[in-house]
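Per this note's numbering, the sequence shown starts with residue 52, numbered consecutively.
The block underneath contains the structure these notes are about, expressed in structure tokens.
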Amino acid sequence: MARPLLWLALLCASLTFTAACAGIRLELIHVDARANRTVAERMRRATERTHRRLASMGEVTAPVRWVETQYIAEYLIGDPPQRAEAIIDTGSNLIWTQCAGCRPGCFSQNLSFYDPSRSRTVQPVACNATACALGSETLCSRNRSACDVLTGYGAGAIAGVLGTEVFTFGSQNASLAFGCVTASRLTKGSLDGASGIIGLGRGALSLVSQLGDTKFSYCLTPYFSDAVNTSRLFVGASAGLSGNTPAASVPFVKNPSDDLFGTFYFLPLAGITVGKAKLDVPAAAFDLRQVAPGQWAGTLIDSGSPFTSLVDVAYQALKAELVRQLGASLVPPPARSGLDLCVAQGDAGKLVPPLVLHFGSGGGGASSDVVVPAENYWAPVDDTTACMVVFNSAGPNATLPINETTIIGNYMQQNMHLLYDLGNGVLSFQPADCSAM
52 MARPLLWLAL LCASLTFTAA CAGIRLELIH VDARANRTVA ERMRRATERT HRRLASMGEV
112 TAPVRWVETQ YIAEYLIGDP PQRAEAIIDT GSNLIWTQCA GCRPGCFSQN LSFYDPSRSR
172 TVQPVACNAT ACALGSETLC SRNRSACDVL TGYGAGAIAG VLGTEVFTFG SQNASLAFGC
232 VTASRLTKGS LDGASGIIGL GRGALSLVSQ LGDTKFSYCL TPYFSDAVNT SRLFVGASAG
292 LSGNTPAASV PFVKNPSDDL FGTFYFLPLA GITVGKAKLD VPAAAFDLRQ VAPGQWAGTL
352 IDSGSPFTSL VDVAYQALKA ELVRQLGASL VPPPARSGLD LCVAQGDAGK LVPPLVLHFG
412 SGGGGASSDV VVPAENYWAP VDDTTACMVV FNSAGPNATL PINETTIIGN YMQQNMHLLY
472 DLGNGVLSFQ PADCSAM
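Here it is as structure tokens:
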């Protein structure tokens with residue numbers, strides 16, 4: 052840890068970080084909000100993203116980062132400023148954008164490619180610079196003349212060079228290390244027209260780490276709502292809970308040292324209640340544990356997974372209990388939907404019970420409960436039907452470690468203000484009207 056902290060200290064001393072003292076406030080746009088899509092289309096796209104997100108962890112052997120996030124932030128880069136858009140992702144670290152001169156194969160984006168030759172503030176990072184040794188995303192070029200970036204995703208890979216540049220978020224600006232991507236091979240549509248990714252993971256190259264901040268928060272508006280309301284991300288001084296609504300505080304689980312798994316935000320999930328029925332699932336099914344050399348499974352929270360997935364023993368218990376409670380109200384799922392449990396859309400709000408996620412103390416303090424309303428784990432799939440949108444981690448073709456991992460996706464986080472207090476090692480859940488923030 053000494054080298055990242057030293058580098059951050061030197062960087063903060065030499066560059067102007069107005070964002071670090073005032074905090075960053077960003078509006079996030081859901082990727083489907085810009086298109087006039089039907090409920091069925093939104094549901095299909097979210098389900099496809101969920102399955103691709105799950106597949107991306109099981110199909111690789113080298114350290115990778117996940118893609119397929121659903122929330123986009125706009126920002127400016129360089130001087131004079133150039134517009135850019137980025138996917139916001141708690142499951143990765145690197146900040147990157149496609150650059151002018153990107154070779155054939157680079158994906159299309161809504162805005163023009165960032166052109167470093169037009170900026171007065173861009174600087175290359177040398178191969179022997181400390182910043183080039185902060186994570187697996189970077190490495191020295193073959194002739195040791197520059198610091199390269201090379202990162203794999205379930206949807207493909209990106210490559211380029213590491214540099215520093217002025218980023219402007221609203222009225223705040225900061226000089227950040229970033230990847231200027233000149234080659235990419237990502238599945239078509241993976242980034243939904245965004246220019247790149249802003250990583251919010253635990254690594255030294257993430258936005259939060261580079262700013263030297265110890266907290267960030269976000270509040271996600273419901274994305275099956277007809278209203279086009281922006282969600283919000285707060286970093287640094289602007290991040291904090293609001294109002295008098297009680298919040299549940301959950302300690303983070305200490306991360307393993309393996310690079311990929313050291314990025315994620317693991318939580319001490321201990322059990323689940325459906326309505327008034329506690330599921331008969333051993334707490335060990337959710338624990339962080341090594342399942343193979345260099346492979347870890349557990350429970351993590353992820354802004355980039357649309358829907359939640361549960362380990363098989365928990366999924367089967369949840370499904371059986373809901374079948375018992377809903378009984379004759381269940382209707383057949385739409386053809387080829389891949390969903391298991393459905394009711395008439397008008398019945399979902401009246402009949403589907405809430406979930407309660409029971410979190411342990413993580414070795415100290417009190418346990419906490421987070422209530423998940425029906426609308427955060429059931430969704431409309433067409434004009435007449437609503438279905439459960441929780442999936443089985445042990446789905447077709449799932450392999451270690453994903454088939455043993457529980458992921459709390461962003462649909463379950465809707466209308467919840469989440470505060471990541473990294474300094475104190477705590478994640479807080481506060482019910483909120485995110486459209487009013």
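C-beta: ideal position from N, C-alpha, C; glycine also.
This structure is a prediction, so every number in the text was calculated from the model and none was measured.
Q | N-terminal and C-terminal residue of the beta strand (DSSP E) that Gly247 is part of | A | 247 to 250
Q | Buried/exposed call for Gln174, threshold 16 Cβ in 10 Å | A | exposed
Q: Can you give me the Cβ contacts of Tyr366 inside the same chain, cut-off strictly under 6 Å, excluding the 5 residues immediately before and after it?
A: Asn443
Q. When we look at the beta-carbon of Leu262 and count the other beta-carbons within 10 Å, is it buried (16 or more) or exposed?
A. buried
**Q.** Rounded separation between Thr457 and Leu451 - CA only
**A.** 12 Å
Q) What number of angstroms, rounded off, separates the C-alpha of Gly322 from the C-alpha of His409? A) 5 Å
Q. Which of helix, strand or coil does DSSP assign to Ala298?
A. coil
(Q) Could you tell me the alpha carbon to alpha carbon distance between Leu473 and Arg169, rounded to whole angstroms? (A) 37 Å
(Q) Quick check on Arg253: does DSSP put it in helix, strand or coil? (A) coil
Q | For Cys198, the nearest candidate out of Tyr126, Gln465, Gly207, Leu185 (CA to CA) | A | Leu185
**Q.** Contacts around Ala113, its chain only, beta-carbon distance under 7 Å, and the 5 residues preceding and following it disregarded
**A.** Residue placement at Ala113 is flagged as unreliable, the pLDDT there being 23, under the threshold of 50; a coordinate-derived value is accordingly withheld.
Q: Please report how far the alpha carbon of Leu330 lies from the alpha carbon of Ser257, in whole angstroms.
A: 37 Å
Q. Do you know offhand how far Ile248's Cα is from Ala137's?
A. 5 Å
Q | beta strand (DSSP E) runs wholly inside the stretch 337 to 381, at least 3 long, in chain order | A | 340 to 343, 346 to 348, 350 to 352, 359 to 361
**Q.** Bridge-paired residues (DSSP) for Gly322
**A.** His409
Q: Under 6 Å Cβ to Cβ from Phe317, same chain only, skipping five residues before and after it: list those, please.
A: Val304, Leu339, Gly349, Leu351
(Q) On the criterion of 16 or more Cβ atoms from any shown chain inside 10 Å, does Arg253 qualify as buried, or is it exposed? (A) buried
**Q.** Rounded distance between the beta-carbons of Ser282 and Tyr122, thought under 8 Å
**A.** 6 Å
Q: For Ser260, name the three-state secondary structure that DSSP assigns.
A: helix
(Q) Helix, strand or coil for Ser226? Go by DSSP, reduced to three states. (A) strand
Q. When you compare only the Cα positions, how much space is there between Gly207 and Cys157?
A. 11 Å
**Q.** Val243 versus Ala417, Thr435, Leu213, Ile139, residue with shortest Cα-Cα distance
**A.** Position check: residue 243 holds Asp in this sequence, whereas Val was assumed. Ranking Ala417, Thr435, Leu213, Ile139 by Cα distance to Asp243 puts Ile139 first.
Q.
On the DSSP letters alone, give me the boundaries of the alpha helix (DSSP H) that Asp398 sits inside.
A. 396 to 402
Q: Identify, in the order they occur along the chain, each residue of the same chain with its Cβ nearer than 7 Å to the Cβ of Ala290, setting aside the five sequence neighbours on each side.
A: Gly74, Lys266, Phe267, Ser268, Leu470
Q | Distance between Gln396 and Gln341 (C-alpha atoms, nearest Å) | A | 41 Å
Q: Count the other C-beta atoms from every protein chain shown that fall within 10 angstroms of the C-beta of Asp484, then say buried if there are 16 or more, exposed otherwise.
A: exposed
Q. Which same chain residues, not among the five before or five after Ser235, have their C-beta less than 8 Å away from its C-beta?
A. Gln149, Cys153, Gly156, Cys157, Phe158, Gly207, Ala208, Ile209, Ala210
Q.
Please report the straight-line C-alpha distance between Leu66 and Cys183, rounded to a whole angstrom.
A. Because Leu66 sits at a pLDDT of 34, beneath the cut-off of 50, its placement in the model cannot be relied upon, and the following sentence gives the value as read from the coordinates. Roughly 18 Å between the two C-alpha positions.
Q) How many angstroms separate the CA atom of Ala368 from the CA atom of Asp433? A) 26 Å
Q) Whose CA, out of Val259, Ser143, Gln133, lies closest to the CA of Phe285? A) Val259
(Q) Does the stretch 373 to 386 come into contact with the stretch 458 to 465, if we say contact requires no fewer than three beta-carbon pairs (one atom in each stretch) closer than 8 Å? (A) no
Q: Can you give me the start and stop residues for the beta strand (DSSP E) that Asp420 sits inside?
A: 419 to 423
**Q.** Nearest to Pro273 (by Cα), restricted to the options Val403, Asn448, Asn427, Ser354
**A.** Asn427
Q) Helix, strand or coil for Gln160 per DSSP? A) coil
**Q.** Whole-number beta carbon distance between Leu145 and Gly230, since they are thought to touch under 8 Å
**A.** 6 Å
Q: Could you check the C-alpha separation between Ser412 and Ser479 for me, to the nearest Å?
A: 13 Å
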